[in-house]
Amino acid sequence: MGIMIEGTGVAAKYLWENGITLFKVRDEITRVRGKPDFYYFPPEQPPVTEDAQRALDWAVDNKIKSGVSGEITTSDVLLGIWSETDSPGHKILATLGFNDEKAKELDSKSAGPGFLEG
465 MGIMIEGTGV
475 AAKYLWENGI
485 TLFKVRDEIT
495 RVRGKPDFYY
505 FPPEQPPVTE
515 DAQRALDWAV
525 DNKIKSGVSG
535 EITTSDVLLG
545 IWSETDSPGH
555 KILATLGFND
565 EKAKELDSKS
575 AGPGFLEG
């Protein structure tokens with residue numbers, strides 16, 4: 465949801481263009497994970513799940529392997545989430561219509577020298 469809330473990155477725009485909205489993502493998260501406990505106050509810095517850490521590691525590794533310098537972008541993070549096929553994030557994206565073809569299209573949009581996020 466963070467990618468969608470941020471809203472100005474290439475990944476957020478790509479998801480919106482393909483009909484994957486913040487509201488659909490939120491509803492699907494609720495369907496998969498259950499209704500949130502509104503009386504639970506998470507720690508100031510909640511721990512990162514194993515799936516999320518692997519997705520972030522994938523994004524960093526993929527950026528390094530690409531040889532393109534610069535920051536990790538929202539596209540890198542989204543593709544990292546997609547790479548974790550057993551994760552809730554991957555399943556939610558797949559349910560909302562994201563697939564390998566769209567991942568390749570997003571990757572090609574955000575690849576190459578001179579690409580700037582946002």
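Residue numbers (my numbering): 465 to 582.
Ideal Cβ placement from N, Cα and C applies to all residues, glycine included.
Beta-carbon gap between residue i and residue j smaller than 9 Å
i      : j      : result
Glu492 : Thr559 : yes
Ala519 : Ile545 : yes
Val489 : Leu570 : no
Counted within 10 angstroms of its Cβ, other Cβ atoms place residue i as buried (16 or more) or exposed
i      : result
Val512 : exposed
Ser572 : exposed
Ile556 : buried
Ile588 : Outside the displayed span of the chain (465 to 582) sits residue 588, for which this structure offers no information.
Phe487 : exposed
Tyr503 : exposed
Option nearest residue i by Cα separation, candidates the options
i      : options                           : result
Asn526 : Ala516, Val541, Ile469 and Glu514 : Val541
Inter-residue spacing [alpha-carbon to alpha-carbon] between residue i and residue j
i      : j      : result
Gly471 : His554 : 19 Å
Leu479 : Ser530 : 23 Å
Own chain, CB closer than 6 Å to residue i, minus 5 neighbours either side, in chain order
i      : result
Ala523 : Ile536, Asp540, Val541 and Gly544
Nonlocal neighbours in the same chain, by C-beta distance under 7 Å from residue i, ignoring five residues either side
i      : result
Ala567 : Leu543 and Trp546
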